[in-house]
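Below is one structure; the comments refer to it alone.
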């Protein structure tokens, strides 16, 4: 008897997998180091398929701009993903239908399915990590755009002290940007720092860390303000590791209030919340994408 879907999240460091059923329950979670070659990746997926022979299909979350045909455009930490038709190769190996989607879009699917975007026609997901990614939800579904760049909010330009006068939101409002700024100001190597350590040091009174965090939140608030007035979503949901911080939304709202106070014509304050799902969002979202696009069921 077929029992659920094999969900796979391909990351730059690890591959996570699990069996997800149509009630969004996850079992048989597994994590292994990401192989260094495409053949190694396909072998790893083949082994997962052999271990879980009862599944009805394979749902894959991965970096990059995923086309409907199964090719992954753009760039990522795994260069071997870009070029060949990965979806077709997984189907050939497993003998099962495969759904493949960009990792940030999978976060969006998870929030549509069982998260805080349920029932919303228009919502945005901001996934904050080394860079800034996201998903654009339009009429209750993920909107990928003409060039598969819908939700690539990290490319947004933000005023900055630079030769050009601007940087991208990924360069200013991501955890990776925060680490880079502190490393530059303290003349440290970025390998010596983590985002968590920066927040801890700021709480202990480190002025450099405090200022870098303030700048980080301001850039993030500027991006959120722009997105609100470009798209006017019902809610903007924040995902990524930083969403675990209890003070995240309060700090974003504080910066948004500063921005709005100087713009009397701006009367709409963004409704910002954290995502419902964190570490397993990509697995859940990939399966919901499969259910919507390959095997429609009542959901």
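In the UniProt record's numbering, the protein residues as written are 1 to 299. Don't be surprised by glycine CBs; every beta carbon is placed ideally from N, CA and C. The structure displayed is predicted, hence computed values, not measured ones.
Whose C-beta lies closer than 8 Å to the C-beta of residue 143 among residues of the same chain, with five residues either side of it excluded?
In chain order, 136, 137, 150 and 151 place their CB closer than 8 Å to the CB of residue 143, counting only its own chain and leaving out the 5 sequence neighbours on each side.
Where residue 239 sits in the DSSP three-state scheme
Residue 239 sits in a strand when the DSSP states are folded into three classes.
Hey, out of 79, 57 and 145, whose CA is closest to residue 11's CA?
If we check each option's Cα against that of residue 11, 79 comes out closest.
How is residue 13 classed by DSSP in three states: helix, strand or coil?
Looking at residue 13 - three-state DSSP - the assignment turns out to be coil, as it is neither helix nor strand.
Is the number of C-beta pairs between the segment 22-32 and the segment 80-98 that are closer than 8 Å three or more?
The answer is no - the segment 80-98 does not touch the segment 22-32, with fewer than three Cβ pairs under 8 Å.
Can you name the start and end residues of the beta strand (DSSP E) that residue 67 belongs to?
Per DSSP, residue 67 lies in no beta strand (DSSP E) and is assigned neither H nor E.
In terms of alpha-carbon separation, which member of 251, 3 and 19 lies closest to residue 280?
For the residues 251, 3 and 19, the minimum Cα distance to residue 280 belongs to 19.
Would you mind stating whether residue 44 and residue 32 have Cβ atoms separated by less than 9 Å?
The beta carbons of residue 44 and residue 32 sit closer together than 9 Å.
Proximity of residue 223 and residue 277 at Cβ, strictly below 9 Å:
Taking a C-beta distance under 9 Å as the contact criterion, residue 223 and residue 277 do not qualify as a contact pair.
Three or more C-beta pairs below 8 Å linking the segment 205-223 and the segment 174-183
Touching, yes.
Using the Cα positions of residue 55 and residue 83, report the straight-line distance between them to the nearest angstrom.
For residue 55 and residue 83, the gap between their C-alpha atoms comes out near 28 Å.
With a threshold of 8 Å, are at least 3 pairs of Cβ atoms found where one atom belongs to the segment 245-256 and the other to the segment 152-162?
Under the 8 Å Cβ criterion, the segment 245-256 does not count as touching the segment 152-162, having fewer than three qualifying pairs.
Excluding the five sequence neighbours on either side, which residues of its own chain have a C-beta within less than 7 Å of the C-beta of residue 127, listed in chain order?
Closer than 7 Å at Cβ, skipping near neighbours: 104, 107, 133, 134, 239 and 240.
Taking only runs that begin and end inside the segment 71-157, name each unbroken alpha helix (DSSP H) of 4 or more residues, in chain order.
Whole alpha helix (DSSP H) segments, 4+ residues: 86-94 and 103-114.
Three-state secondary structure (DSSP) at residue 8?
When DSSP states are grouped into helix, strand and coil, residue 8 belongs to the strand group.
Which of the three DSSP states, helix, strand or coil, is assigned to residue 274?
Shown here, residue 274 sits in a strand according to DSSP, grouped into three states.
So, residue 21 versus residue 40, is the Cβ gap smaller than 9 Å?
With respect to residue 40, residue 21 sits apart: the two C-beta atoms are not nearer than 9 Å.
Measuring CB to CB, does residue 153 end up less than 9 Å from residue 227?
In this structure, residue 227 lies closer than 9 Å to residue 153 by Cβ.
Under DSSP, the alpha helix (DSSP H) around residue 29 begins and ends at which residues?
Element bounds for residue 29: not the alpha helix (DSSP H) but the beta strand (DSSP E), 26-33.
When we look at the beta-carbon of residue 62 and count the other beta-carbons within 10 Å, is it buried (16 or more) or exposed?
Label assigned to residue 62: buried.
What's the C-alpha gap between residue 192 and residue 186?
Cα to Cα, the separation comes out at about 11 Å.
Tell me which residues share the same chain as residue 131 and place their Cβ nearer than 7 Å to its Cβ, disregarding the 5 neighbours each side in the sequence.
Cβ within range, chain order: 154, 170, 174 and 176.
Residue 120 and residue 272: beta carbons closer than 9 Å?
Taking the C-beta atoms as reference points, residue 272 is found no nearer than 9 Å to residue 120.
Just to confirm my understanding: we take residue 37, look at its own chain, exclude 5 residues before and 5 after, and list those with CB closer than 8 Å. What are they?
Correct list, in chain order: 80.
Counting along the chain, where does the alpha helix (DSSP H) carrying residue 168 start and finish?
Segment 166-168 is the beta strand (DSSP E) holding residue 168; no alpha helix (DSSP H) there.
Exposed or buried, what is residue 14 when buried is set at 16 or more other beta-carbons lying within 10 Å of its beta-carbon?
Classification of residue 14: exposed, given that the 10 Å Cβ count is below 16.
Where does residue 59 sit, in a helix, a strand or coil, going by DSSP?
Under the three-state reduction of DSSP output, residue 59 falls in the strand class.
Quick test of your reading: residue 219 and residue 274, contact by CB under 8 Å. State the CB separation rounded to the nearest angstrom.
Their Cβ separation, rounded to whole angstroms, is 18 Å, which puts residue 219 and residue 274 out of contact at 8 Å.
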